[in-house]
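A quick write-up on the structure given underneath.
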Amino acid sequence: MIRIDDAEDARIAHYRAVRDRDLAGRGGRFVAEGEVVIMALLSGRSRFRPESLLLSETRAEALAPVLSQLPRDLPVFVAGQRVMDAIVGFHIHRGALAIGRRGETADPTSLLSGLPQPALVLGLVGLSNHDNVGGAFRNAAAFGADAVLLDRSSCDPLYRKAVRVSVGASLLVPFAWTETADDMVRALEDSGFAVVALSPQGSELLDRETWPERTALLVGAEGPGLPPALIDRLRSVRISMAPGFDSLNVATAAGIALHAVWTSRRRHCAD
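Each residue of the sequence shown is one higher than the one before, starting from 5 at the first, in the numbering used here.
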């Protein structure tokens with residue numbers, strides 16, 4: 005462990021002014037915040053590798069058994085709370101940060117072709133809210149989605165807040181970008197997926213749905229939802245709700261739909 009007593013120490017430059025860099029970008033790096041997320045990054049399941057850790061004194065003490073198992077060449081910086089707050093630019097009560105390396109961006113075609121049979125993919129179209137993207141990844145991990153696709157108008161799942169809300173799921177679930185929603189549908193169909201649009205205006209009820217071996221569920225941003233032209237050309241489903249109300253948070257809606265596919269397949273395997 006490397007003691008840091010000066011917030012201007014060059015060795016912790018990537019941690020400085022965290023919120024400002026959230027907006028400006030980090031050039032091939034991302035920030036993991038909180039113990040649960042950092043444990044996901046350090047796990048063998050993570051698709052990304054850690055570059056360093058920055059811990060408060062109290063968190064370093066609590067995590068000592070874990071830290072003792074880390075590779076010896078992984079820097080672990082330790083600072084007092086006041087110095088750590090000065091480094092990141094706000095009071096970081098979780099007391100635990102890590103820098104991860106992004107690596108190469110996954111190609112959607114290669115990602116999809118390498119998925120197992122059966123396979124389940126979640127597609128995010130126009131989700132610019134970090135909480136919703138993080139929540140969608142958390143649900144994808146919980147209900148066995150094999151991958152997530154995002155169009156370029158969606159939020160980066162490695163944005164600090166998105167990773168935090170996902171409780172590390174965006175570090176575990178494979179994902180790839182497509183330029184547009186149409187490109188996403190094309191890539192999915194070319195890889196043998198039946199693409200299903202989730203919308204309050206869906207033509208079929210979710211609980212009456214049967215699911216092909218390779219299924220992709222598409223969700224759109226709260227408010228506008230998926231583009232109407234996209235819904236018209238795809239099989240569409242809706243979630244049954246109480247009369248007079250047809251609105252759900254998009255991450256919640258994605259979770260319900262993913263759960264429906266997951267439970268249906270479990271029943272089928274049991275039979």
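Here a beta-carbon is modelled for each residue, glycine too, at the ideal position from N, C-alpha and C.
So, using beta-carbon positions, are residue i and residue j closer together than 8 Å?
| i | j | result |
| --- | --- | --- |
| residue 58 | residue 101 | yes |
| residue 137 | residue 122 | no |
| residue 201 | residue 153 | no |
| residue 155 | residue 184 | yes |
| residue 148 | residue 124 | yes |
| residue 127 | residue 23 | no |
| residue 220 | residue 197 | yes |
| residue 235 | residue 195 | no |
| residue 20 | residue 91 | yes |
| residue 6 | residue 79 | yes |
Can you tell me whether DSSP reads residue i as helix, strand or coil?
| i | result |
| --- | --- |
| residue 8 | strand |
| residue 277 | Summary: the structure shown does not reach residue 277, with the chain confined to residues 5 through 275, and so no result is reported for it. |
| residue 197 | coil |
| residue 187 | helix |
| residue 141 | helix |
| residue 329 | In the structure as shown, the chain starts at 5 and stops at 275, and residue 329 therefore has no counterpart that could be examined. |
| residue 31 | coil |
| residue 177 | coil |
| residue 155 | strand |
| residue 224 | strand |
| residue 78 | coil |
| residue 4 | In the structure displayed, the chain extends from 5 to 275; residue 4 sits before or after that span and is not available. |
| residue 182 | strand |
| residue 246 | coil |
| residue 51 | coil |
In terms of alpha-carbon separation, which member of the options lies closest to residue i?
| i | options | result |
| --- | --- | --- |
| residue 193 | 217, 94, 204 and 20 | 217 |
| residue 33 | 53, 150 and 61 | 53 |
| residue 130 | 88, 188 and 251 | 188 |
| residue 56 | 36, 143 and 21 | 36 |
| residue 259 | 7, 223, 227 and 250 | 223 |
| residue 159 | 151, 150, 181 and 17 | 181 |
Strictly by DSSP, which residues pair up with residue i?
| i | result |
| --- | --- |
| residue 240 | 201 |
| residue 104 | 34 and 54 |
Using only the heavy atoms of the ligand SAH, determine whether one of them is closer than 7 Å to the beta carbon of residue i.
| i | result |
| --- | --- |
| residue 84 | Ligands are entirely absent from the displayed structure, and the ligand SAH is therefore not among its contents. |
(request) Report yes or no: do the segment 156-174 and the segment 240-248 share at least 3 C-beta pairs separated by less than 8 Å? (result) no
(request) Flag this pair as touching only if the segment 175-182 and the segment 31-48 have three or more C-beta atom pairs under 8 Å; answer yes or no. (result) yes
(request) Say whether the segment 243-263 touches the segment 207-216, bearing in mind that this needs 3 or more beta-carbon pairs closer than 8 Å, one atom from each stretch. (result) yes
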